[in-house]
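Enquirer: Let me begin by handing over the structure; questions about it come next.
Protein chains: 4
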Amino acid sequence: MTFKDAAAAIAAAGRRMDAMGWVPATAGNISVLLGADRMAITRSGRHKGMLAPADVMLVDGQGASLEPGARPSYETLLHCGIYRRFPGTGAVVHGHSVANTVLSRRAGAEIRLAGFELLKAFPGGPTHDTEVAVPVLDNDQDIPRLQAVLDALWNRTSDAPPGYIIRGHGVYVWGADMAAAMTRLEALEFMLLCHLEEGRHTR
Amino acid sequence: MTFKDAAAAIAAAGRRMDAMGWVPATAGNISVLLGADRMAITRSGRHKGMLAPADVMLVDGQGASLEPGARPSYETLLHCGIYRRFPGTGAVVHGHSVANTVLSRRAGAEIRLAGFELLKAFPGGPTHDTEVAVPVLDNDQDIPRLQAVLDALWNRTSDAPPGYIIRGHGVYVWGADMAAAMTRLEALEFMLLCHLEEGRHTR
Amino acid sequence: MTFKDAAAAIAAAGRRMDAMGWVPATAGNISVLLGADRMAITRSGRHKGMLAPADVMLVDGQGASLEPGARPSYETLLHCGIYRRFPGTGAVVHGHSVANTVLSRRAGAEIRLAGFELLKAFPGGPTHDTEVAVPVLDNDQDIPRLQAVLDALWNRTSDAPPGYIIRGHGVYVWGADMAAAMTRLEALEFMLLCHLEEGRHTR
Amino acid sequence: MTFKDAAAAIAAAGRRMDAMGWVPATAGNISVLLGADRMAITRSGRHKGMLAPADVMLVDGQGASLEPGARPSYETLLHCGIYRRFPGTGAVVHGHSVANTVLSRRAGAEIRLAGFELLKAFPGGPTHDTEVAVPVLDNDQDIPRLQAVLDALWNRTSDAPPGYIIRGHGVYVWGADMAAAMTRLEALEFMLLCHLEEGRHTR
Numbered sequence: 001m002t003f004k005d006a007a008a009a010i011a012a013a014g015r016r017m018d019a020m021g022w023v024p025a026t027a028g029n030i031s032v033l034l035g036a037d038r039m040a041i042t043r044s045g046r047h048k049g050m051l052a053p054a055d056v057m058l059v060d061g062q063g064a065s066l067e068p069g070a071r072p073s074y075e076t077l078l079h080c081g082i083y084r085r086f087p088g089t090g091a092v093v094h095g096h097s098v099a100n101t102v103l104s105r106r107a108g109a110e111i112r113l114a115g116f117e118l119l120k121a122f123p124g125g126p127t128h129d130t131e132v133a134v135p136v137l138d139n140d141q142d143i144p145r146l147q148a149v150l151d152a153l154w155n156r157t158s159d160a161p162p163g164y165i166i167r168g169h170g171v172y173v174w175g176a177d178m179a180a181a182m183t184r185l186e187a188l189e190f191m192l193l194c195h196l197e198e199g200r201h202t203r
Numbered sequence: 001m002t003f004k005d006a007a008a009a010i011a012a013a014g015r016r017m018d019a020m021g022w023v024p025a026t027a028g029n030i031s032v033l034l035g036a037d038r039m040a041i042t043r044s045g046r047h048k049g050m051l052a053p054a055d056v057m058l059v060d061g062q063g064a065s066l067e068p069g070a071r072p073s074y075e076t077l078l079h080c081g082i083y084r085r086f087p088g089t090g091a092v093v094h095g096h097s098v099a100n101t102v103l104s105r106r107a108g109a110e111i112r113l114a115g116f117e118l119l120k121a122f123p124g125g126p127t128h129d130t131e132v133a134v135p136v137l138d139n140d141q142d143i144p145r146l147q148a149v150l151d152a153l154w155n156r157t158s159d160a161p162p163g164y165i166i167r168g169h170g171v172y173v174w175g176a177d178m179a180a181a182m183t184r185l186e187a188l189e190f191m192l193l194c195h196l197e198e199g200r201h202t203r
Numbered sequence: 001m002t003f004k005d006a007a008a009a010i011a012a013a014g015r016r017m018d019a020m021g022w023v024p025a026t027a028g029n030i031s032v033l034l035g036a037d038r039m040a041i042t043r044s045g046r047h048k049g050m051l052a053p054a055d056v057m058l059v060d061g062q063g064a065s066l067e068p069g070a071r072p073s074y075e076t077l078l079h080c081g082i083y084r085r086f087p088g089t090g091a092v093v094h095g096h097s098v099a100n101t102v103l104s105r106r107a108g109a110e111i112r113l114a115g116f117e118l119l120k121a122f123p124g125g126p127t128h129d130t131e132v133a134v135p136v137l138d139n140d141q142d143i144p145r146l147q148a149v150l151d152a153l154w155n156r157t158s159d160a161p162p163g164y165i166i167r168g169h170g171v172y173v174w175g176a177d178m179a180a181a182m183t184r185l186e187a188l189e190f191m192l193l194c195h196l197e198e199g200r201h202t203r
Numbered sequence: 001m002t003f004k005d006a007a008a009a010i011a012a013a014g015r016r017m018d019a020m021g022w023v024p025a026t027a028g029n030i031s032v033l034l035g036a037d038r039m040a041i042t043r044s045g046r047h048k049g050m051l052a053p054a055d056v057m058l059v060d061g062q063g064a065s066l067e068p069g070a071r072p073s074y075e076t077l078l079h080c081g082i083y084r085r086f087p088g089t090g091a092v093v094h095g096h097s098v099a100n101t102v103l104s105r106r107a108g109a110e111i112r113l114a115g116f117e118l119l120k121a122f123p124g125g126p127t128h129d130t131e132v133a134v135p136v137l138d139n140d141q142d143i144p145r146l147q148a149v150l151d152a153l154w155n156r157t158s159d160a161p162p163g164y165i166i167r168g169h170g171v172y173v174w175g176a177d178m179a180a181a182m183t184r185l186e187a188l189e190f191m192l193l194c195h196l197e198e199g200r201h202t203r
């Protein structure tokens, strides 16, 4: 895939996420892997729902900018951590929703989703057809430290689901390509909306 | 109707359903009857909100593919079951909404909707002007078995409503053509949203 | 205003109402007064969010069709009742929302809205700057009888607000022209959404 | 920036606010500073989601019209108060949301938002990374008096957040330019939606 195509796929994903309210206020980020040591990722401070090709930059496998003078978003390292851990990953999406924000703020170490047909589109874990435990990590401005917590979590988890939530700081979801990542994101956010609704008090 | 027109109608319906959030993560499916033994139906794994003509395939009355090498969605058999049971049906739509997912997960064998003017657009049953009982079936990965449960239900129901819900797995709605199916789907989903709201705890 | 312009204004209003979810399943209707005895109104059974010019018809001041063979929506008489009662009215809009449906189903004879700045855009009654009592009428398939109840209500109300709700059957709002009617509709629906939210149980 | 460019930026912001439901029924207003004594601002009574260039007018630093015969919105003085108080401000946006309306109606003198990553996009106060106190002012039809209350509040607040809410009458948010103002508005409204959700009663 060329950088131009990657930037277009990223912009299209950003528009869909924006239509759902998932990239408010320049939050969120989206990346596509272009090679062993090359990733296209959204620049910091740009509104992810209104991306132009110039709003996407190139970084290497360690998240260092391949563009002189440009500083990548500090969350770039979380994208690198995913590509490193899960070979075959081609795209990573990060967004904030009211559901993932509110649910993670009241959750412990995970959010369990069970009994949804849509779990088929967001698998993970030994009973992946019927239940998924989505990890919830405490927010941390020290990104390498946060990534270390993730790596330790993945070390002790077999069949980790393709996503995690940072408490009050949105969700990260990935897939083999952008379509797969977006499908998984939509599935997870739909189930979180249902979970949020089911937690509301009824008559 | 030609296959080309059917594919266009299916894509348009998919876009409206997507705008409502009813076809997340490649879930859902949409079909149009083209003849006694020919149906156009969405392919599995394609996002129903962004369908191209190539995302629609032809199957026969038993749900077998009329396209060499193409495997239909396993839910195709549910569409066949509807066309077989209700002659005059021209289109079937299947989608997931937060309302139909959450309500069916807490429901018993049916969801009763009463007193809505919109019942006029989603009729069924002896008191169809004032109340409808929407069947809720347990989810089942064995589709022929699920269809048998539906057929038994319809055998003992006079004036069945033109829809049913599979617990945690969305709604199936049908009509004489796509416009009729979509009208009924919109009416049902609107009433389910009201029903969901009325179940929330108030002061 | 020509019929062509009226049909265009009606279609544009329908699209905005549809974007808000206020005209589901061919429900709702929209009219524009063209003269002392001529009104353009949406045909029954057409989706009000996707109106073509052919989906609008002409009726006279009593709601009788001016188009040979065409039968107007039975709700046309409610539009006539408004134009007759409130000279200076140029447009009437009727839609269903989850808020107006759910709130009217649990309301008595009226819904009181107070303390909203948006009341400026939906006036009515002696304390119209600070509170409005929106009438809620029981639904009735006998439209002339329903209109008689409305006329009696308006006979005993000074400064009636420019709208009313039919229990479980949506809202009717009017104004000097389509822009005014839509402004009032948006104001009312916004306040109803706030009212609905304020009725939900909190911690 | 030319008046033409300012009007275009204002119209674009209005469309985004309208898509979010934040400018119902001609409510809301949007301005851009063009010079020490020149501001482009939306005219009163125009729908802020459907602005044409003619719907924007010029006023001076005291809010007096620079267009013969045109009367500015009375809320123009609140925009002037912000530009005067916060040099470097280039744009001000004012909208109504269900969240800011409902929350301000039940709040005291402020709404505290804490623990959201999005606080980075809506800073203010000594602990601005972790908590912001958004001022809530009582509504007042006497705008100069309301502005005096704001000035007194700002006199005793260090690091005031770039926004405030008028009880039942929407939010005012500002920034160095339109993009900054809109980013802050989106951040605030997102956090208010989360705050509203967290106040709902749960099981």
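Chains as they are written, first to last, in full-length UniProt numbering: chain S, 1 to 203; chain P, 1 to 203; chain Z, 1 to 203; chain C, 1 to 203. All residues carry an ideal CB built from backbone N, CA and C; glycine is no exception. If you're wondering where the values come from, they're calculated on a predicted model, not measured in any experiment.
1) Please decide whether E110/P counts as near chain Z, where near means a Cβ-Cβ distance under 9 angstroms.
2) Where does V23/C fall in DSSP's three states?
3) Out of M17/S, N139/S and A91/S, which one is the CA nearest neighbour of H79/S?
4) Are the C-beta of A25/P and some C-beta of chain S separated by less than 9 angstroms?
5) Using 9 angstroms as the threshold, is the C-beta distance between P24/S and F3/C below it?
6) With DSSP run on the structure shown, which of helix, strand or coil describes E186/Z?
7) Going by C-alpha to C-alpha distance, which of A121/P, E110/P, K120/P and D142/P sits closest to V134/P?
8) Where does E75/P land, buried or exposed, given buried means 16+ other C-beta within 10 angstroms?
9) CA-CA distance, A181/S and L77/Z?
10) Taking only three categories from DSSP, how would you classify R112/C?
11) Using DSSP's beta-bridge definition, name the partner residues of W154/P.
12) Could you confirm whether any beta carbon from chain P is found closer than 9 angstroms to the beta carbon of E117/S?
13) So the candidates are S31/C, N139/C and R145/C; which of them puts its Cα closest to the Cα of G61/C?
14) Report the start-end ranges of each beta strand (DSSP E) in the segment 49-122 of chain Z that is 3 residues or longer and not cut off at the edges.
15) How far does the beta strand (DSSP E) with R200/S in it reach, from first residue to last?
16) Going by the CB atoms, is the gap between V59/Z and L66/Z shorter than 9 angstroms?
17) May I ask you to report which of helix, strand or coil DSSP gives M1/Z?
18) Could you name the residues that DSSP lists as bridge partners for N29/Z?
19) Is it buried or exposed, residue 287/Z, if we count other Cβ atoms within 10 angstroms and call 16 or more buried?
20) Can you give the Cα-Cα distance for S97/Z and G14/Z, rounded to whole angstroms?
21) CA-CA distance, P162/Z and R112/Z?
22) Does A160/P come out as helix, strand or coil in the three-state DSSP assignment?
23) Go through its chain and collect everything with a Cβ distance to R43/Z's Cβ below 6 angstroms, but skip five positions before and after it.
24) For A7/C, tell me which candidate among W22/C, D37/C, A64/C and I41/C has the shortest Cα-Cα distance.
25) Answer with buried or exposed for V132/P, where buried requires no fewer than 16 other C-beta atoms within 10 angstroms of its C-beta.
26) If you count every other CB in all the chains shown that lies within 10 Å of the CB of A148/S, and 16 or more means buried, which is it?
27) Verify the CB distance criterion: does H96/S have a CB-CB separation below 9 angstroms to chain P?
28) Within 10 angstroms of its Cβ, does S158/Z collect 16 or more other Cβ (buried), or is it exposed?
29) Roughly how many whole angstroms lie between the Cα atoms of A176/Z and G88/Z?
30) Does P72/P pass the burial test, meaning 16 or more other C-beta atoms within 10 Å, or should it be called exposed?
31) 9 angstroms is my cut-off, CB to CB: does R106/Z come that close to chain C?
32) Consult DSSP for G175/S and reduce its assignment to one of helix, strand or coil.
33) Exposed or buried, which one is I18/C when buried takes at least 16 other CB atoms within 10 Å?
34) Suppose you measure from the CA of G28/S to the CA of Y164/Z; what does that come to, to the nearest Å?
35) Is the distance from the Cβ of G99/Z to the Cβ of L192/Z below 9 angstroms?
36) I believe A121/Z touches A187/Z by the beta-carbon criterion, under 8 angstroms. Please report the beta-carbon distance rounded to the nearest angstrom.
Expert: According to the structure data:
1) Counting from 1 along the second sequence, the entry for residue 110/P is found at position 110. Chain Z, which has no Cβ nearer than 9 angstroms to the Cβ of E110/P, makes this no.
2) Position 23 of the fourth sequence, counted from the first residue, corresponds to residue 23/C. In the three-state DSSP reduction, V23/C falls in the coil class, being neither helix nor strand.
3) Residue numbering aside, residue 79/S sits at position 79 when the first sequence is read from its first letter. Residue A91/S is the option with its Cα nearest to H79/S.
4) For the purposes of this step, residue 25/P is taken as residue 25 along the second sequence, with counting starting at 1. Yes, its Cβ sits closer than 9 angstroms to a Cβ of chain S.
5) On the first sequence, position 24 is the one that residue 24/S refers to. On the fourth sequence, position 3 is the one that residue 3/C refers to. Their beta carbons are not under 9 angstroms apart, which means P24/S does not touch F3/C by this criterion.
6) For the purposes of this step, residue 186/Z is taken as residue 186 along the third sequence, with counting starting at 1. Correct three-state label for E186/Z: helix.
7) Start at 1 with the first residue of the second sequence, and residue 134/P comes out as number 134. Comparing Cα positions, the closest option is E110/P.
8) Residue 75/P sits at position 75 when you count from the first residue of the second sequence. Per the 10 Å Cβ criterion, buried.
9) Against the first sequence, residue 181/S aligns to sequence position 181. Against the third sequence, residue 77/Z aligns to sequence position 77. A181/S and L77/Z: Cα-Cα distance of roughly 53 angstroms.
10) Residue mapping note: residue 112/C aligns to position 112 of the fourth sequence, counting from 1. The answer is strand: DSSP assigns R112/C an E or B state.
11) Along the second sequence, one-based indexing puts residue 154/P at 154. Answer is none; W154/P lacks a bridge partner.
12) Against the first sequence, residue 117/S aligns to sequence position 117. Closer than 9 angstroms to some Cβ of chain P, the Cβ of E117/S qualifies, so yes.
13) In the fourth sequence, the residue the question calls residue 61/C occupies position 61. Distance check between G61/C and each of S31/C, N139/C and R145/C places S31/C closest, using alpha-carbon atoms only.
14) List check, beta strand (DSSP E) in window: 56-59, 91-95 and 110-114.
15) Within the first sequence, residue 200/S is the residue found at index 200, counting from 1. R200/S -> no beta strand (DSSP E), and no H or E assigned at all.
16) Position 66 of the third sequence, counted from the first residue, corresponds to residue 66/Z. Position 59 of the third sequence, counted from the first residue, corresponds to residue 59/Z. The beta carbons of L66/Z and V59/Z sit closer together than 9 angstroms.
17) Stepping through the third sequence from its first residue, residue 1/Z is reached at position 1. Look at M1/Z here: in three-state DSSP terms it is coil, with no helix or strand label.
18) The count along the third sequence starts at 1 and reaches residue 29/Z at position 29. Per DSSP, H94/Z.
19) Nothing can be reported for residue 287/Z: it is not among the residues displayed for chain Z, which extend from 1 to 203.
20) What you label residue 97/Z is simply residue 97 of the third sequence in a count that begins at 1. What you label residue 14/Z is simply residue 14 of the third sequence in a count that begins at 1. One C-alpha to the other measures close to 14 angstroms.
21) Residue 162/Z sits at position 162 when you count from the first residue of the third sequence. Residue 112/Z sits at position 112 when you count from the first residue of the third sequence. When rounded, the distance between both Cα atoms is 14 angstroms.
22) Reading the second sequence from its first residue, position 160 is the one you call residue 160/P. The answer is coil: DSSP assigns A160/P none of H, G, I, E or B.
23) In the third sequence, residue 43/Z corresponds to position 43, counting from 1. If we look at R43/Z and ignore the five residues flanking it on each side, its Cβ neighbours are D55 and M57.
24) By 1-based counting over the fourth sequence, the position of residue 7/C is 7. Here the closest residue by C-alpha is I41/C.
25) Residue numbering aside, residue 132/P sits at position 132 when the second sequence is read from its first letter. By the C-beta density criterion, V132/P is buried, having at least 16 other C-beta atoms within 10 angstroms.
26) Your numbering for residue 148/S matches position 148 in the first sequence. Result: exposed.
27) As a first step, residue 96/S must be located in the first sequence, where it is residue number 96. No, H96/S lies away from the interface with chain P (no Cβ there is under 9 angstroms from its Cβ).
28) Numbered from 1 along the third sequence, position 158 holds the residue referred to as residue 158/Z. With fewer than 16 other Cβ atoms inside 10 Å of its own Cβ, S158/Z counts as exposed.
29) Counting from one through the third sequence, the residue named residue 176/Z turns up at place 176. Counting from one through the third sequence, the residue named residue 88/Z turns up at place 88. A176/Z and G88/Z have their C-alpha atoms roughly 6 angstroms apart.
30) Counted from its first residue, the second sequence places residue 72/P at position 72. It counts as buried.
31) The residue labelled residue 106/Z in the question sits at position 106 within the third sequence. No, because no Cβ of chain C sits closer than 9 angstroms to the Cβ of R106/Z.
32) Numbered from its first residue, the first sequence carries residue 175/S at position 175. In this structure, DSSP gives G175/S an extended state, which the three-state scheme calls strand.
33) Within the fourth sequence, the letter at position 18 stands for residue 18/C. Rather than Ile, the amino acid found at residue 18/C in this sequence is Asp. Under this definition D18/C is a buried residue.
34) Taking the first residue of the first sequence as position 1, residue 28/S is located at position 28. Taking the first residue of the third sequence as position 1, residue 164/Z is located at position 164. In a straight line, the C-alpha of G28/S is about 43 angstroms away from that of Y164/Z.
35) Looking up residue 99/Z in the third sequence gives position 99. Looking up residue 192/Z in the third sequence gives position 192. The residue asked about is misnamed: residue 99/Z is Ala in this sequence, not Gly. At the C-beta level, A99/Z and L192/Z come within 9 angstroms of one another.
36) Walking along the third sequence from the start, residue 121/Z turns up at place 121. Walking along the third sequence from the start, residue 187/Z turns up at place 187. Contact between A121/Z and A187/Z holds, since their C-beta atoms are separated by about 4 angstroms, short of 8 angstroms.
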